[in-house]
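Protein chains in written order, with UniProt numbering: chain A, 1 to 331; chain B, 1 to 95.
We put the beta carbon where it would ideally sit given N, CA and C, even for glycine.
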């Protein structure tokens, strides 16, 4: 997902827990929200920082593949829409950094960890966006996959995270629909345009399936995160849901999902589908995807080359504060 | 890289219909003016409000979670503060 393979700390049975830990788990089981200043196990706090931080980084890095097309959008209207979408991603990143900060880490610290490679962002943003149709595929598939995960996370146990998710989900539907609208236009256009739409689907289908992370039915981390309600569904559940919802949408477009094994399974009431290449996924996570280096470099450059502007704002704020203080003293 | 982190501001926004300003989240900004500017971009991209308050997070005093009992439990036994506590006969009509 936007947070993949987040390592979670330990998993204890209720009997092995300290009275504090047990009371905490029971609050979560009752559906209570945990708020910033309240007692929480160190593992819960650390896991959440990793997860929310990674989620925030994904929103911010996720601006890059789409920013690539703002100046090349086919019409002024499409340009304005894409600009608004990319601006939303910046906002989503900020909501999430704020949520992470309530756990005792600063935004600048998180940024530094992103830039040094100590923290990750979603594998999906290490794939290139080669044609305008990719803007359609990204909105439709990537934001579509993100929604699958974010909608249940609105009910997560940590108050600030839950509130950030509610805000994000309100805006995310626009992202998916604008993507699908691009796909409709392309798929119903000239044969060449339809070909571009098909090509975009071919390239983004498996990377989109990878977003949910590898099968986690045997993972201890996943079980702990689910007990804490910071992960609401297994990766496989969400992936299946995504496939079930997306295949009919592809059919409507007259496009073919690039999976020869894809078939409706009447007995299960779900589509059977092929797994993505997990070796490729692990390589991308390790930093060896097509665009890893380019993305991080763009992030670092934006941060470093924006330093003079941040410094200028700080200097102006200090100067005006000093002036106000002097004026007060003179009264 | 800037060494100094900008302070955190809590943002309150009043929606269209004359309700109270409501806490919507927080953000970083070097001063109050920039906090309002940033809040416009971060929290009102879809006409969510007609007025913004920005308050430095450090200026907010919050009740501690441990005070929850002493602060809020006393209200539990005072159900008579709610109108439904009193049975008014139907013959009296709407009240």
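Contacts of residue i in chain A (Cβ-Cβ under 9 Å)
i: residue 25 of chain B; result: 94, 95, 98, 99, 160, 163, 164, 167
Expected contact under 8 Å - CB spacing of residue i and residue j to nearest Å
i: residue 110 of chain A; j: residue 145 of chain A; result: Not a contact, Cβ separation roughly 23 Å.
i: residue 54 of chain A; j: residue 119 of chain A; result: 6 Å
i: residue 274 of chain A; j: residue 261 of chain A; result: 5 Å
i: residue 141 of chain A; j: residue 295 of chain A; result: Contact doesn't hold; Cβ gap of about 19 Å is too wide.
i: residue 313 of chain A; j: residue 30 of chain B; result: 5 Å
i: residue 187 of chain A; j: residue 253 of chain A; result: 4 Å
i: residue 179 of chain A; j: residue 135 of chain A; result: 7 Å
i: residue 258 of chain A; j: residue 202 of chain A; result: 5 Å
i: residue 83 of chain A; j: residue 52 of chain A; result: Rounded, the Cβ-Cβ distance is 26 Å, inconsistent with contact.
i: residue 88 of chain A; j: residue 45 of chain B; result: 7 Å
i: residue 26 of chain B; j: residue 98 of chain A; result: 5 Å
i: residue 49 of chain A; j: residue 3 of chain A; result: Actually they are not in contact, since the Cβ atoms of residue 49 of chain A and residue 3 of chain A sit about 11 Å apart, beyond 8 Å.
i: residue 133 of chain A; j: residue 197 of chain A; result: 5 Å
i: residue 92 of chain A; j: residue 299 of chain A; result: Wrong, their Cβ atoms sit about 16 Å apart, outside the cutoff.
i: residue 86 of chain A; j: residue 70 of chain A; result: 7 Å
i: residue 158 of chain A; j: residue 34 of chain A; result: 5 Å
i: residue 24 of chain A; j: residue 11 of chain A; result: Contact doesn't hold; Cβ gap of about 14 Å is too wide.
i: residue 15 of chain B; j: residue 48 of chain B; result: 6 Å
N-terminal and C-terminal residue of the alpha helix (DSSP H) that residue i is part of
i: residue 61 of chain A; result: 42 to 61
i: residue 50 of chain B; result: Per DSSP, residue 50 of chain B belongs to no alpha helix (DSSP H) and is neither H nor E.
i: residue 252 of chain A; result: 235 to 253
i: residue 278 of chain A; result: 278 to 283
i: residue 230 of chain A; result: Unbroken run through residue 230 of chain A: none, as it is neither H nor E.
i: residue 22 of chain A; result: 19 to 29
i: residue 152 of chain A; result: 143 to 153
i: residue 138 of chain A; result: Looking at the DSSP string, residue 138 of chain A is not in any alpha helix (DSSP H), and its letter there is neither H nor E.
i: residue 314 of chain A; result: 307 to 330
i: residue 93 of chain A; result: 76 to 101
i: residue 204 of chain A; result: 191 to 210
i: residue 116 of chain A; result: 107 to 116
i: residue 85 of chain B; result: Taken as a continuous stretch (DSSP letters only), residue 85 of chain B belongs to no alpha helix (DSSP H), as it is neither H nor E.
i: residue 72 of chain B; result: 68 to 72
Under 7 Å by beta carbon: chain B residues contacting residue i
i: residue 173 of chain A; result: Here the premise fails: no neighbours, minimum Cβ distance about 12 Å.
i: residue 38 of chain A; result: 65
i: residue 320 of chain A; result: 31
Beta-bridge pairing of residue i - partner residues as DSSP gives them
i: residue 13 of chain B; result: B:22, B:52
i: residue 265 of chain A; result: A:270
i: residue 34 of chain A; result: A:158
i: residue 8 of chain B; result: B:28
Neighbour list for residue i in chain A, Cβ cutoff strictly below 7 Å
i: residue 5 of chain B; result: 106, 108
i: residue 42 of chain B; result: 91, 94
i: residue 28 of chain B; result: 107
Contacts that residue i makes with chain B (C-beta to C-beta distance below 9 Å)
i: residue 35 of chain A; result: 65
Beta-carbon neighbours of residue i, restricted to chain A and to distances below 8 Å
i: residue 34 of chain B; result: 313, 317
Cβ-heavy atom distance, residue i to the ligand FMN, below 6 Å
i: residue 41 of chain A; result: You won't find the ligand FMN in this model; it holds no ligand whatsoever.
Interface residues of the stretch 44 to 72 of chain B facing chain A [CB-CB below 8 Å]
Correct list: 45, 46, 62, 64, 65.
Could you please tell me which residues of the stretch 75 to 91 of chain A, in chain order, have their CB closer than 9 Å to any CB of chain B?
Cβ contacts with chain B come from 84, 87, 88, 90, 91.
What are the residues in the stretch 291 to 316 of chain A lying within 8 Å of chain B by C-beta distance?
Listed in sequence order: 303, 304, 307, 310, 311, 313, 314, 316.
Going along the stretch 103 to 119 of chain A in order, which residues come within less than 7 Å of chain B, judged by CB to CB distance?
Across the stretch 103 to 119 of chain A, CB contacts with chain B closer than 7 Å involve 106, 107, 108, in sequence order along the chain.
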